[in-house]
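Start counting the sequence shown at 1; every next residue gets the next number (UniProt numbering).
Backbone N, C-alpha and C define an ideal beta-carbon position, used for all residues, glycine too.
None of these values were measured; they are calculated from a predicted model.
To keep things clear, I will list the structure first and then write my remarks on it.
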Amino acid sequence: MDAAFTAEQDEIRRTLREILGKRCGPDEVKAAVRTAAGHDRELWLQLARELGLPGIAVAEEYGGVGCAPADLALACEETGRVLLPSPLLATAALCVPLVTALGTEAQRSALLPPLATGGLTAALAVSGPALATALALTGEDASGQWSGGGRAGGVQARADASGGGWRLYGEAVQVLDGHSAGLLLVAAHTGGFARSRTLLFLVREDAPGLVRSRQTVLDETRPQARIEMRDVPAELLGDEGADALGALAATGRTAAAVLAAEAVGAAGQALARTVEYVRQREQFGRAIGSFQAVKHRLADLYVQVQAARSAACYAAWDPDQGGLALAQCLEALRVTAGEAIQLHGGIGFTWEHDAHLYFKRAAADELLFGPVHRLRAHAADRAGLFADPAAGPAPAPAEPSTGSVSAPVPPSTTPSAPEKVAV
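Set out below in C-alpha cells:
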C-alpha cells in the first residue's frame, strides 16, 4: 500500500482548501443553512465548475472526472473541516454509485452527466429511520424488511395498471437534502408476500402527488426532509431483477469511507481551533494552554484524531473497512467536539458558539449512520470475531468480508467460546 498522495490529489486538497477558506467561515455557513436550499448554490456551482467536485467518482464517458472514491474521500475531508453544507454527500456518495451500478445504459447517459456537473442534485429516500440499515452499516437485512415488508408503513410500489410504469405510496423521513434535490432515488417494497423484494425507483421533483417538507434537525448543516408519496409516478432504476440490496450495501461501504474522512476533517479542525483558543486565553496571568492538565488533554485528542485519520485513509484505499473506520472517526469527532466545548470554558457552553457546530455534527452523524457500538459490532460479526470454532467454518458471506474465520480446533483442544460483548 502506497499511502502517499499523488500530485493531483495534493492539488485537489490545496485548491479546495483555498476556496472553502474564503467562502466558508462560521458566519457564512450559518447563513447558507438558513436559505431555502440549505446550502450556498453559487458556491456549489463554483465547486462543480472549477473542481468537478460532484463528478469526481463519475466516469469520464459520462462527463465526470474519472477519479477513484479515494479522491472523493480526500475532498470530503476538506469539506468536513468547514462543515460545508452542500448536496455532495447525498448526490456523489449515495446516489451516483447506485445509478452507476443499477441503471440501464439509457438511464446512466441521461442522469450521470447532469449529476457530474452539479446541474442536477439527487437524494436517497428510504422509509423510516433506516438509512444505516439500508446501507448495511449496522447490520444485514437480506429480506429488506426496512422498506416495508409488504405491510402497512414504509414505501410500497405497484406496477401501473396501464403498463406505463410504477406508482409509489408511503413516506420516507430523514432524507438528506430531500427538500431541494431535483431527483429522488426511492427504495420501495414491491411484490407483496409472494415475490417480496426491494427495488429502487426514480422520482422527479415535479412528480404529481409528491410532497416534500424540510424538517427541523439538530445539525442544520445536514438538511433533512420528509417525503410523502401519494400515487406518485416513478421509473424503475434498472430492471426488476436488479440486486438493489447488494448495490445499497456496496454503496454503504464507500459512503462510510467518505463519511469517515469528513468526520476526521471536522475533528482535526475542532482541535486546531481549540489549540488556537487556549494559546490566546489567559488566566492567572498566563495562557491556559501552558497548564499541564490542558496540555495532557490536548495531547490525548491529537493522538485520537491522528489514529482516526489513519483509519480513514486506509478505508479510502479499502472501502470494505469503511464501517470500522467510520466508527473510529465518529468517536474521535464526538470526543474532540466535547472537549472543545469544555476547553473553551464559559463561552464554549453557549449554544451559539462555533464549537457547537462541530458538536451537533458529531451527534447528528452518529444518529444517522451509527451508533458507534453498532458499527463496531457489525464489523466484528462480518469478520467472524465472535464465531464459535467448534461450529466449523462459517458459510461464505454474501459480500467481501473484512477478515477471516480461523479453522476449527479439534474437539480435544477446543477452548470454550468467548462470550460476546458489546464493542
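Quick check on DSSP: helix, strand or coil for residue i?
i	result
residue 170	strand
residue 179	coil
residue 197	strand
residue 69	helix
residue 4	coil
residue 184	strand
residue 19	helix
residue 254	helix
residue 233	strand
residue 474	This structure cannot settle anything about residue 474, because the visible part of the chain is limited to 1 through 423.
residue 133	helix
residue 158	strand
residue 122	strand
residue 408	For residue 408, the predicted structure reports a pLDDT of 40, less than 50, and the residue's modelled location is therefore unreliable. A value from the coordinates is still provided. Residue state, collapsed to three classes: coil.
residue 56	coil
residue 42	helix
residue 425	Within the shown structure, residues of the chain are numbered from 1 to 423, placing residue 425 beyond reach of any answer.
residue 99	helix
residue 141	coil
residue 86	coil
residue 246	helix
residue 416	Because residue 416 carries a pLDDT of 43, less than 50, the predicted location of this residue cannot be relied on, and no value is offered for it.
residue 108	helix
residue 24	coil
residue 374	helix
residue 79	helix
residue 117	helix
residue 36	coil
residue 309	helix
residue 387	coil
residue 147	helix
residue 13	helix
residue 350	coil
residue 366	helix
On the DSSP bridge list, what partners appear for residue i?
i	result
residue 228	171, 211
residue 202	185, 235
residue 435	In this structure the chain extends from 1 to 423, so residue 435 is not present and cannot be described.
residue 190	197
Measure the beta-carbon distance from residue i to residue j and round it to whole angstroms, keeping in mind my assumption that it falls under 8 Å.
i	j	result
residue 218	residue 22	Wrong, their Cβ atoms sit about 28 Å apart, outside the cutoff.
residue 214	residue 179	4 Å
residue 368	residue 92	Contact flag wrong, Cβ pair sits at about 17 Å.
residue 116	residue 62	6 Å
residue 122	residue 183	4 Å
residue 501	residue 269	Within the shown structure, residues of the chain are numbered from 1 to 423, placing residue 501 beyond reach of any answer.
residue 231	residue 167	5 Å
residue 343	residue 294	7 Å
residue 345	residue 355	Residue 345 to residue 355, Cβ: 10 Å. No contact.
residue 85	residue 29	6 Å
Please say whether residue j and residue i have beta carbons closer to each other than 8 Å?
i	j	result
residue 315	residue 267	no
residue 87	residue 251	no
residue 325	residue 380	no
residue 201	residue 234	yes
residue 319	residue 221	no
residue 73	residue 258	yes
residue 372	residue 327	yes
residue 375	residue 336	no
residue 262	residue 76	yes
residue 90	residue 176	yes
residue 323	residue 111	no
residue 13	residue 78	yes
residue 147	residue 139	no
residue 297	residue 352	no
Examine chain D for any beta-carbon lying closer than 8 Å to the beta-carbon of residue i, and answer yes or no.
i	result
residue 65	The chain inventory of the structure shown lacks chain D, comprising one protein chain alone.
Contact between the segment 183-190 and the segment 42-58 is defined here as three or more beta-carbon pairs at a separation below 8 Å; is this criterion met? no
Could you tell me whether the segment 52-65 touches the segment 238-246, where touching means 3 or more Cβ pairs closer than 8 Å? no
Could you check whether the segment 121-128 touches the segment 300-311, counting it as contact only if at least three pairs of C-beta atoms, one from each stretch, sit closer than 8 Å? no
Three or more beta-carbon pairs under 8 Å between the segment 330-350 and the segment 291-309, yes or no? Yes, since at least three Cβ pairs between the segment 330-350 and the segment 291-309 fall closer than 8 Å, the two stretches touch.
Within the chosen definition, does the segment 161-168 reach the segment 8-24 through at least 3 CB pairs nearer than 8 Å? no
Across the segment 98-107 and the segment 268-287, are there enough close Cβ pairs to call them in contact, namely three or more that are closer than 8 Å? no
Within the chosen definition, does the segment 225-236 reach the segment 66-77 through at least 3 CB pairs nearer than 8 Å? no
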